[in-house]
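To convert, take the position in the sequence shown, counting from 1, and add 6; that gives the working numbering.
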Amino acid sequence: MQLFAEHGYVGTTTDMVVAQTGGSKATLYKHFPTKEDLVTGLMDRVADTVSRDRDDPAASTVPLAEELAHIARSACEGVWSPEAAAVLRLCLGEYGRFPELARTVWTVGPTRTYANFHAFVGERQRRGEIIVDDPQIAAEQFLGGLVGHLQLKIAFGMTDPPSPEEVDARIDSAVRTFLARYAVPPRST
């Protein structure tokens with residue numbers, strides 16, 4: 007990712023990658039037959055940070071607010087990471103010549119994150135904890151409200167990632183906002 011960030015998509019060669027990482031071209035091509043596959047692999051790493059522990063929402067026994075906070079923290083770690091910032095800059099810088107790169111990154115990153123969030127929403131609706139009429143809008147409100155324009159400012163080098171206290175405040179606000187909009191009110195006794 008460092009090479010792509012420094013030299014761009016076109017300027018980064020397989021020789022440079024092999025020199026930086028060690029190994030051989032044969033090994034590199036075995037795992038990543040094309041440069042696009044290499045970027046996809048890098049994006050998979052970022053997406054794994056955001057999506058970890060989300061494989062089976064039905065298996066979760068964590069309370070709703072706590073689970074939302076966990077999802078939020080994973081999203082923050084992923085989108086505010088140096089790797090995610092480099093991928094965003096790479097996609098924006100190379101879009102004119104390689105629009106397929108942006109589509110690949112979108113598929114591996116946000117599309118996967120949204121699918122995981124939709125599964126979470128579906129399970130929590132099944133349990134009767136929330137009512138969500140449009141899972142995509144709910145996902146965009148939650149995740150977008152969490153990371154906001156800060157993701158772009160970090161990628162553009164205009165600011166550093168937030169402090170742990172700022173992250174906690176953003177997570178708390180995003181969770182409270184989601185629950186205020188979508189949580190089923192507790193029954194009166």
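C-beta: ideal position from N, C-alpha, C; glycine also.
Output yes or no for whether 8 angstroms exceeds the beta carbon distance between residue i and residue j.
i: Gly-151; j: Ala-180; result: yes
i: Ile-136; j: Ala-189; result: yes
i: Ala-25; j: Leu-96; result: no
i: Leu-149; j: Ala-90; result: no
i: Thr-46; j: Val-114; result: yes
i: Pro-141; j: His-124; result: yes
i: Arg-103; j: Val-16; result: yes
i: Arg-207; j: Leu-70; result: Outside the shown range of the chain (7 to 195) lies residue 207, about which nothing can therefore be said.
i: Glu-172; j: Leu-107; result: no
i: Met-7; j: Leu-48; result: yes
i: Val-85; j: Val-153; result: yes
i: Ile-177; j: Arg-79; result: yes
i: Thr-20; j: Lys-31; result: yes
i: Glu-100; j: Gly-14; result: yes
What is the residue span of the alpha helix (DSSP H) that residue i lies within?
i: Val-6; result: This structure does not reach residue 6, given that the chain is present from 7 up to 195, and the question cannot be answered.
i: Gly-150; result: 141 to 153
i: Trp-86; result: Element bounds for Trp-86: n/a, residue is neither H nor E.
i: Pro-105; result: 105 to 114
On the DSSP bridge assignment, give the partners of residue i in chain order.
i: Ile-136; result: Ala-189
(message) Check whether the region 63 to 76 and the region 102 to 120 touch, using three or more Cβ-Cβ pairs below 8 angstroms as the test.
(response) no
(request) Only counting runs of 4 or more residues, tell me where the alpha helix (DSSP H) segments fall wholly within the region 12 to 64, in order along the chain. (result) 20 to 27, 31 to 37 and 41 to 57
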